[in-house]
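What follows is a set of notes on a single structure, which appears directly below.
Protein chains: 4
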Amino acid sequence: MSIKVSIAGASGYTGVELLRILLNYKEVEIVQISSRQYEGKALKEVFPFFIGSKFENLKFVSELDQNSSDFYFLCLPHEPSLELAKQLIDNNKKVIDLSAAYRIKDPSQYPIFYKFEHKYTNLLEKAVYGLPEIHREKIKNANLIANPGCYPTATLLALYPSLKSKIVKGNIVVNALSGISGAGRGLKQQFHYPEAFGNSYAYSPLNHRHIPEMEDQIKQITGQEIKVRFTPHILPVSRGMISNVSFETDLTKEELKSLYYETYKNEPFIRLFENPPQIKNVVGSNYCDIFVEKDERTNMAVIISAIDNLAKGASSQAVQNFNIIAGFKETYVLKDLSIVYP
Amino acid sequence: MSIKVSIAGASGYTGVELLRILLNYKEVEIVQISSRQYEGKALKEVFPFFIGSKFENLKFVSELDQNSSDFYFLCLPHEPSLELAKQLIDNNKKVIDLSAAYRIKDPSQYPIFYKFEHKYTNLLEKAVYGLPEIHREKIKNANLIANPGCYPTATLLALYPSLKSKIVKGNIVVNALSGISGAGRGLKQQFHYPEAFGNSYAYSPLNHRHIPEMEDQIKQITGQEIKVRFTPHILPVSRGMISNVSFETDLTKEELKSLYYETYKNEPFIRLFENPPQIKNVVGSNYCDIFVEKDERTNMAVIISAIDNLAKGASSQAVQNFNIIAGFKETYVLKDLSIVYP
Amino acid sequence: MSIKVSIAGASGYTGVELLRILLNYKEVEIVQISSRQYEGKALKEVFPFFIGSKFENLKFVSELDQNSSDFYFLCLPHEPSLELAKQLIDNNKKVIDLSAAYRIKDPSQYPIFYKFEHKYTNLLEKAVYGLPEIHREKIKNANLIANPGCYPTATLLALYPSLKSKIVKGNIVVNALSGISGAGRGLKQQFHYPEAFGNSYAYSPLNHRHIPEMEDQIKQITGQEIKVRFTPHILPVSRGMISNVSFETDLTKEELKSLYYETYKNEPFIRLFENPPQIKNVVGSNYCDIFVEKDERTNMAVIISAIDNLAKGASSQAVQNFNIIAGFKETYVLKDLSIVYP
Amino acid sequence: MSIKVSIAGASGYTGVELLRILLNYKEVEIVQISSRQYEGKALKEVFPFFIGSKFENLKFVSELDQNSSDFYFLCLPHEPSLELAKQLIDNNKKVIDLSAAYRIKDPSQYPIFYKFEHKYTNLLEKAVYGLPEIHREKIKNANLIANPGCYPTATLLALYPSLKSKIVKGNIVVNALSGISGAGRGLKQQFHYPEAFGNSYAYSPLNHRHIPEMEDQIKQITGQEIKVRFTPHILPVSRGMISNVSFETDLTKEELKSLYYETYKNEPFIRLFENPPQIKNVVGSNYCDIFVEKDERTNMAVIISAIDNLAKGASSQAVQNFNIIAGFKETYVLKDLSIVYP
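Chains as they are written, first to last, in my numbering: chain A, 4 to 345; chain B, 4 to 345; chain C, 4 to 345; chain D, 4 to 345.
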């Protein structure tokens, strides 16, 4: 018997990436995919690389049938996702929401960072932040997964052992780099190929939307109000993300390394490296590669992580949550996603 | 029971690509991988993206044991491959040779294009040119597969229906573009990143080594001496290849299209397109995407194909041959290689 | 005393490139620049790299004053350019039109390839095709320059010695590659960075608009109806263009080379190479680098040229025409455009 | 009368960049260029983009004549530069050394970071650190310029107003990104095009050689021992560098901005931006673009600078120093280096 799955907003990059991964499940039936832009078109017409796959003739609908599936992946803008998730949960469906609509527990942050009031605070409380390495137990029984943002995923995995051990002193400084697919499929002048070619720059240098999401999780884990000084940068590639995290700590190099190797020793998707991780080693996969060191000169920890922003930073993490909830082995399919090299 | 496989020259790009694909076979045991450069090192030390995979602890040896395996994939330079293939065949092994050592039936071409005398002309005669869409039947019982070059694969698949129908008049003009992985993993000044970045140019404009390979196959298929005017160009990407083929023909547009759609209607890895194919739709896969049109103004056929030079142009094609010989379904594993997009 | 110059459509890539070049003239005063999109904005606001230059405070107007300048460069779409050029010429101004509105002498081609009727056939007759290496004498006294397209520039310069000597037999096959800036600054899904990154493909494989332009010039030079089988390809870089030209000829290798070296021996912007030219050697400059060879096997000439599509393929060629008309040395400023390497 | 200039190590990227810039001086005669690798070859043979320029026939010698020139630019490895600079200074020549041999005042740092003992500590004391925005007065009369490293240039210009005002509290965290030309022209596996394509990663995360250079200058300016927590990252482009600097400060946003705008108001090569700077706006030029803000949430200053690592980070800065010493206007030639866009 197969699990019925629908995807809302399936024509964006995270939707397509979900389809790429779900192709590998013989136990999953894709019931519907939605896209307003491509309503009525077949998947293979819009994305010809699906020709020859079992999904090729799936047709985009404008709105999903809310009864037809067991699981719904939402790859929508934040506000439509807020509504649709509510309706589906009321309808007793399982929802994995890739938007930010249910990620931050403190509803007061939404008007500030996302320009809308959060109307469903009860549901917000029940939503589980879908970072399995931190919240695995809660995920198992969750109905609504708030699938983490890409920067928070890379950054929180770099921080988690330090946070749970409460070894962070002062603020955390995070500099991150992201491939341009992270900005979505919508057209923008700065991402027109000739202009982005050979270019790089910081953006949202003071108030990126992922800051409250990171600080909210940090607070949940530590109970402390630790601030994140965060700057993201554009990397002129399609996929890949690096998060470079530093903070003061009194742990020695050996203690710090032990903490990370110990915390993550059984995590199937965390790989610890003695050299800074490369995005090319993770693109296409669900891995998060992490380097951890202590800079004795400045008494600071230096932790650098790399993920694929569309995979562990979005869609393969969504599938990892799906595996946990649906009762598959957590690594099912995901461990076999091959990394195309070079 | 598993099939025992060894790979010679496994640290080059085609060797690594073979490993990536063979990871998906539960029926295959990799017995040995060789590399002079990395002798004694584990696969995961040299290529960290294999960490966490079942191959991670494979160790490179300097020379393969010639008795330990059923199948040998040779990813060596042409002359060492010439010798090793001979020894393995004499030892009753199955060999899939990714070098050019056994590709051209006419031994007189080797001194001209490859600067060595071909010593094993008997074996050369028995070797089967491993382009399944053309030589599937012979491949089934072959002991030695001469796995085709990347440009010949893309070009011959663009030409095959026309060749077998003998509709080509005069010479064939082929312009092709290749990602830089086609030049191998060895360091060269022109492929140092800052110099290749933003660059493109034709190379070997008169006498590329793949010309005799293409003309040899053309002669086998047509019985005619048709010449190929061939220029390859450097494309500043890692993977991907386009072959643009034109020749005079009296077929109409409709006849030409019918010919291609008919010839390839059951081919699982040929996809015919109404628009010129894009390398991004094939990278990582075994597909060859083909566009076919007639330019009535010049009375010329215009056929454009796209492949991944390391996949259908080398390693996944080698595995396609392996599937045929070893008795797997021809599409086994290969149909499930996902295309990472964007 | 300075020459007064205005630029229509100055916010596109060719307009900006003109400004970059004209910055180097102390004898030129930019009177006006137009752009509907950026009306009222200063150049430095839209293109911050102009900050600190003498043009930084130029403000975009929506329409140019038709009396204020001596020279007008038109970087507009074809139809607005058709009209504006007519008005300016009637007003006794010098016009260098970078659109295709006046390039093809045969007006019947416009409805077919450009979807408009050419209303000003008298003016079309008087317009001079601004390829100085071919039409230098006529350019000197021209009022209206039809500045050539990028593919025609690269291709006709590769062909010119052969055309004027009438050595071409049969059709000409042209395969060309262009950086994406050639498609302009307007947003398109296929040029969104994540999608164009690592991608390449042929486009307009049968009927690109530059075909009639090339064939028109070929006819003017040879008096013959020679057809061009032309396929352009997308190159995933910002700037640079290669044209690979082949045709049958009975000239020997030596005769062919002599013809080219002799024809171009005094041309300041043509550089003949013994190896295929690289786009990186011409980007930012007005050079056209050319390689010429005879493939004795196929009795075909192989001629490969490289230009910067926005420079010699558009704006620096426009300035070359300007130099000739305005009485500057033809190489003035243009010889000093530096090539940034690597 | 012309100034005689020679360049040692002229075949590396910084040497070629010097030649590109010096082409624009009618007052400069290039007497000799050296390169062991290319001894006896003409510049145009090795770097064909110089064909047609007045430098095209310059021939590489293996060693420079130490008497023939007034100025020597040294683009050598650190140790040969150490020696040659000493000899030339003893010979009363003006030397601009692009290596690190004379950059750090404290000789004890050389064995630690550069693995050699500094033998010429007297000369080290006299050498002037060639960052004109900080040391303009000393540069005027310097005989030996220690031309700054690329990361120190970008970082110190981002810091200078804060340092001279002593507003920095605690350590400084610097994350920087550099195009691969910064690693030089020598071949390395990780910079082979297929491997660097689409890749990015941090490197030297604890002890990059530019750390002591930055801290030495910080100490000279502030008198304080402020530590720099520095991580550089590989950016998969040829040229361009970003430095992202953060530190605690009690200045308000307004005070901080005023400080920068005031300090730099007359600097011809510093451009202050209200948005984070883009490398594409500075590549090919001598500009350093800077963004300055206060993050009130963390009480930290956020300052981001962008330069061309080969220009302001090396060769155009060397020419800026040359202009100052030789008595040219400081902006001579350098203000006219055009930025090729897009």
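Cβ coordinates follow ideal geometry from the N, Cα and C atoms, glycine included.
Bounding residues of the alpha helix (DSSP H) (the contiguous stretch that carries residue i)
i, result
"residue 58 of chain C", "Unbroken run through residue 58 of chain C: none, as it is neither H nor E."
"residue 125 of chain A", "124 to 129"
"residue 116 of chain B", "112 to 116"
"residue 179 of chain D", "That residue, residue 179 of chain D, is in no alpha helix (DSSP H); its beta strand (DSSP E) goes 172 to 182."
"residue 353 of chain D", "Only positions 4 to 345 of chain D appear in this structure, which leaves residue 353 of chain D out of reach."
"residue 199 of chain B", "196 to 199"
"residue 84 of chain B", "81 to 93"
Where residue i falls: helix, strand or coil (DSSP)
i, result
"residue 324 of chain D", "helix"
"residue 99 of chain B", "strand"
"residue 292 of chain C", "strand"
"residue 234 of chain C", "strand"
"residue 305 of chain D", "strand"
"residue 139 of chain D", "helix"
"residue 24 of chain C", "helix"
"residue 32 of chain A", "strand"
"residue 19 of chain C", "helix"
"residue 74 of chain B", "strand"
"residue 332 of chain A", "coil"
Counted within 10 angstroms of its Cβ, other Cβ atoms place residue i as buried (16 or more) or exposed
i, result
"residue 3 of chain A", "Lying outside 4 to 345, the shown extent of chain A, residue 3 of chain A is not represented and no answer is given."
"residue 150 of chain C", "buried"
"residue 274 of chain D", "buried"
"residue 281 of chain B", "buried"
"residue 268 of chain C", "exposed"
"residue 51 of chain A", "buried"
"residue 5 of chain D", "exposed"
"residue 39 of chain B", "exposed"
"residue 115 of chain C", "exposed"
"residue 323 of chain C", "buried"
"residue 223 of chain C", "exposed"
"residue 201 of chain A", "buried"
"residue 37 of chain B", "buried"
"residue 226 of chain B", "exposed"
"residue 41 of chain A", "buried"
C-beta contact flag for residue i and residue j at 8 Å
i, j, result
"residue 325 of chain B", "residue 58 of chain B", "no"
"residue 312 of chain A", "residue 181 of chain A", "yes"
"residue 315 of chain D", "residue 272 of chain D", "yes"
"residue 13 of chain B", "residue 77 of chain B", "no"
"residue 231 of chain B", "residue 27 of chain B", "no"
"residue 162 of chain D", "residue 248 of chain D", "yes"
"residue 176 of chain A", "residue 176 of chain D", "yes"
"residue 1 of chain D", "residue 205 of chain D", "It is not possible to answer for residue 1 of chain D, since the shown part of chain D is limited to 4 through 345."
Beta strand (DSSP E) segment containing residue i, residue limits
i, result
"residue 251 of chain D", "244 to 251"
"residue 149 of chain C", "147 to 149"
"residue 273 of chain D", "273 to 276"
"residue 261 of chain D", "Unbroken run through residue 261 of chain D is the alpha helix (DSSP H), 256 to 266; no beta strand (DSSP E)."
Proximity test, Cβ basis, 8 Å: residue i and chain G
i, result
"residue 234 of chain C", "No chain G is part of this structure, whose protein chains are labelled A, B, C and D."
**Request:** Using a Cβ-Cβ cut-off of less than 7 Å, give me the residues of the stretch 13 to 44 of chain B that come near chain C, in sequence order.
**Result:** none
**Request:** May I ask you to list, following chain order, the residues of the stretch 261 to 277 of chain A that have a beta carbon less than 9 Å from some beta carbon of chain B?
**Result:** 271, 272, 274, 276
**Message:** Closer than 8 Å between beta carbons: that is the criterion. Which residues of the stretch 193 to 206 of chain A meet it against chain B?
**Reply:** 200, 201
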